[in-house]
Amino acid sequence: MGKVRAARDTPAGRRRVRAAQYLRMSTEYQTYSIENQRDAIRDYADIMGYDIVATYEDAGRSGLNLEGRPGLQQLLADVESGSADFDTVVVYDVSRWGRFQNIDESAAYEYRCQMAGVRIEFCAEQFANDGSIGSDVLKAIKRSMAAEHSRMLSQKVFIGQARLIRMGFRQGGKAGFGLRRLLVDQNGHPKGILSSYQYKNLQTDRIVLVHGPPDEVATVRWIFNHFVKTRKSQLEIARTLNRRGVLTDLGRPWTRECVHSLLTNENYIGNSVWNRGSTRLKSHRFHNPPEQWLRVENVLEPIVNRKLFRRAQTLLKTIHRHMSDQEMLDALKALLARRGALSTFIIDDAPDCPPAQRYAWRFGTLVKAYELIGYEAPKNCRYIHVNRRLDTVKLEVIQDFLAAVEKRGAVAAHEAETGLLRINEEISVAIAIGRCRVSHFGYPRWFSKADRQPLPDIFVLIRMNPGDLTIRDYLIAPAHEVAGKRDLHANNGARLDSYVFPTLMPLVALAERAAIESAT
Numbered sequence: 025m026g027k028v029r030a031a032r033d034t035p036a037g038r039r040r041v042r043a044a045q046y047l048r049m050s051t052e053y054q055t056y057s058i059e060n061q062r063d064a065i066r067d068y069a070d071i072m073g074y075d076i077v078a079t080y081e082d083a084g085r086s087g088l089n090l091e092g093r094p095g096l097q098q099l100l101a102d103v104e105s106g107s108a109d110f111d112t113v114v115v116y117d118v119s120r121w122g123r124f125q126n127i128d129e130s131a132a133y134e135y136r137c138q139m140a141g142v143r144i145e146f147c148a149e150q151f152a153n154d155g156s157i158g159s160d161v162l163k164a165i166k167r168s169m170a171a172e173h174s175r176m177l178s179q180k181v182f183i184g185q186a187r188l189i190r191m192g193f194r195q196g197g198k199a200g201f202g203l204r205r206l207l208v209d210q211n212g213h214p215k216g217i218l219s220s221y222q223y224k225n226l227q228t229d230r231i232v233l234v235h236g237p238p239d240e241v242a243t244v245r246w247i248f249n250h251f252v253k254t255r256k257s258q259l260e261i262a263r264t265l266n267r268r269g270v271l272t273d274l275g276r277p278w279t280r281e282c283v284h285s286l287l288t289n290e291n292y293i294g295n296s297v298w299n300r301g302s303t304r305l306k307s308h309r310f311h312n313p314p315e316q317w318l319r320v321e322n323v324l325e326p327i328v329n330r331k332l333f334r335r336a337q338t339l340l341k342t343i344h345r346h347m348s349d350q351e352m353l354d355a356l357k358a359l360l361a362r363r364g365a366l367s368t369f370i371i372d373d374a375p376d377c378p379p380a381q382r383y384a385w386r387f388g389t390l391v392k393a394y395e396l397i398g399y400e401a402p403k404n405c406r407y408i409h410v411n412r413r414l415d416t417v418k419l420e421v422i423q424d425f426l427a428a429v430e431k432r433g434a435v436a437a438h439e440a441e442t443g444l445l446r447i448n449e450e451i452s453v454a455i456a457i458g459r460c461r462v463s464h465f466g467y468p469r470w471f472s473k474a475d476r477q478p479l480p481d482i483f484v485l486i487r488m489n490p491g492d493l494t495i496r497d498y499l500i501a502p503a504h505e506v507a508g509k510r511d512l513h514a515n516n517g518a519r520l521d522s523y524v525f526p527t528l529m530p531l532v533a534l535a536e537r538a539a540i541e542s543a544t
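Counting in my numbering, the sequence shown runs from 25 upward without gaps.
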């Protein structure tokens with residue numbers, strides 16, 4: 025049992041308890057807004073004689089798992105390390121602690137606090153969390169109700185999304201080469217084409233797919249016709265497009281997988297196919313069987329006719345029969361024997377071997393496939409693999425930030441050309457990700473790229489934990505103050521270190537203030 029700290033005495037002789045408050049809100053603004061929770065906890069603390077000396081907050085965070093909740097992670101770390109200067113943590117109710125799908129997980133985090141000598145109290149519940157049989161039973165019921173609420177909400181969201189898909193509206197995802205996302209109002213009137221990383225601001229607005237630039241539409245038709253009539257491989261088609269200087273919708277050179285994805289996309293015959301994969305309740309993404317797919321026909325004007333599309337699918341089935349794991353590894357091993365080395369370029373350049381991306385999908389990573397055939401990947405291959413994963417982490421942070429800013433009434437856009445975020449057309453933000461390097465003495469260090477010209481207004485560095493698997497924190501500072509500081513330590517001085525935050529919420533609050541100021 026951890027050390028219990030003595031409560032201090034007030035001048036009137038009444039003993040006061042030092043307490044912390046934990047606040048969490050996802051999107052339930054009315055009942056569970058941060059302000060409502062804070063007010064309720066303050067009133068509770070006044071009645072109980074508690075001094076709130078610390079606040080842990082997860083604003084805009086789901087309660088389904090611990091991974092995306094830096095506030096709760098920090099609370100557990102402070103409590104178990106002995107650095108917490110409080111005896112009690114006050115939470116609004118059981119659901120704010122978490123809607124964990126396994127109620128034992130919720131109990132486990134509370135138990136860890138209790139073992140360190142810190143109690144958890146729920147100020148809005150009709151029972152005292154005192155360890156009695158009655159309170160334990162009620163708490164278990166409340167945890168089950170919180171988990172069930174998330175399951176029911178997930179089902180309602182799924183039903184709502186499916187309804188919009190049947191009406192011909194788009195539900196997330198890239199438009200694809202030759203297509204664009206058109207924003208329409210509640211009456212179906214066009215409002216404008218959305219660029220990459222732009223999203224709708226009003227709940228009543230909808231998104232539909234339309235044809236893109238004529239040159240892209242012509243390229244899509246050429247790919248289908250060339251593939252069916254000449255029987256050229258997807259690799260050969262990709263090379264032809266690259267020689268012509270044609271880029272994908274993401275601004276990248278074509279690969280075999282890019283061509284394959286285009287040839288199998290039913291959007292080009294006017295169909296919308298949804299629910300191919302699922303990530304419900306923060307689970308890992310998994311592929312759904314075809315009978316669970318939702319297919320709606322004639323939602324947009326087709327680019328290629330259905331007869332040509334069917335001929336392409338028939339040809340693809342003869343080329344790409346389903347290979348077992350062992351067959352894929354045997355093909356990779358045979359390629360290694362012929363070439364003496366492996367790389368993404370070598371694999372993608374071999375017509376008798378599945379593309380590198382397919383190995384990554386099947387085995388998790390390309391490096392894992394290398395290990396299964398006894399091939400030690402070069403260091404640069406592992407470095408590139410980590411960089412690609414970190415690029416995904418950075419993109420997720422940007423998307424979360426844009427969504428959070430939108431919810432608070434501000435406007436933010438991500439410029440693909442410069443990589444900058446623009447808030448209300450007034451503030452420019454550069455976001456970079458810093459891989460963690462541990463020195464010989466065990467101290468973490470991060471490499472910063474804050475010297476771009478011209479300098480943005482604000483620089484954000486996503487600092488990773490050792491191993492580069494999870495985010496440690498965010499360094500948010502005026503760009504001119506960190507420009508030139510290419511090697512950042514855990515503490516680069518009091519002024520710089522004061523800008524380190526566990527989440528991006530301070531930056532979101534800045535955007536919210538800017539929106540209010542511009543409106544007034």
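Every residue gets a Cβ at the ideal spot worked out from N, C-alpha and C, and that includes glycine.
None of these values were measured; they are calculated from a predicted model.
One Cα belongs to R40, the other to T112, and the distance between them is close to 11 Å.
Cβ contact annotation for C282 (same chain, cutoff 7 Å, sequence separation greater than five): A262 and T272, in chain order.
By the CB criterion at 8 Å, A83 and M49 fall inside the cutoff. Contact fails between the region 330-341 and the region 350-357, because fewer than three Cβ pairs, one in each stretch, are under 8 Å apart. V328 is the residue among G95, R194, Q316 and V328 whose C-alpha sits nearest the C-alpha of N249.
The three-state reading of DSSP puts G458 in strand, counting E and B together. In the three-state scheme derived from DSSP, where H, G and I count as helix and E and B as strand, L88 is classed as coil. In the DSSP annotation of this structure, the continuous segment of the alpha helix (DSSP H) that includes G95 starts and ends at P94 to S105. Bridge partners of S296 according to DSSP: V320.
Taking a C-beta distance under 8 Å as the contact criterion, V484 and V532 do not qualify as a contact pair. For the pair I371 and A43, the Cα-to-Cα distance works out to about 59 Å. Looking at the DSSP output, A44 sits in a beta bridge with A78 and V113.
The closest CA to that of A69, considering only S285, F124, R175 and C147, is found on C147. Rounded to whole angstroms, the gap between the alpha carbons of D229 and D209 is 5 Å.
Check the Cα spacing between I127 and each of A170, G212, S367 and R276: the tightest is with A170.
The alpha-carbon of H504 is positioned some 25 Å away from that of L414. As DSSP reads the structure, D497 sits in a beta bridge with R487.
In the three-state scheme derived from DSSP, where H, G and I count as helix and E and B as strand, E145 is classed as strand. The C-alpha of N295 lies about 13 Å from the C-alpha of G200. For D376 against A355, the beta-carbon gap comes to about 7 Å, under 8 Å, which counts as contact. Shown here for R190: same chain residues with a beta carbon closer than 6 Å to its own, the five before and five after excluded, namely V320 in chain order. Under the three-state reduction of DSSP, A437 is assigned to strand. Of the candidates G202, F251 and K215, G202 places its Cα closest to the Cα of A242. Its Cα nearest to that of G364, the residue A401 stands out among A401, F387, K331 and P378.
Beta-carbon to beta-carbon, E536 and R432 are separated by about 4 Å, close enough to satisfy the 8 Å threshold.
For H235, the enclosing beta strand (DSSP E) covers residues R230 to H235. In summary, F369 is exposed, with fewer than 16 beta-carbon neighbours lying within 10 Å of its beta-carbon over all protein chains present.
Contact annotation: G106 and Y46 have beta-carbon atoms that are not nearer than 8 Å.
For L226, there is no enclosing alpha helix (DSSP H), since its DSSP letter is neither H nor E. As computed with DSSP, G216 is found in a beta bridge with L207.
The C-beta separation of V118 from K163 comes to about 6 Å, placing the pair in contact by the 8 Å criterion.
Buried is the label assigned to V142, since at least 16 other Cβ atoms lie within 10 Å of its Cβ. Distance from L359 to Y399 at the Cβ level is roughly 10 Å; contact not present, criterion being Cβ atoms closer than 8 Å. Contact annotation: G192 and V323 have beta-carbon atoms nearer than 8 Å. Taken through DSSP and simplified to helix, strand or coil, R446 comes out as strand. DSSP places H284 inside the alpha helix (DSSP H), whose first and last residues are R280 to L287.
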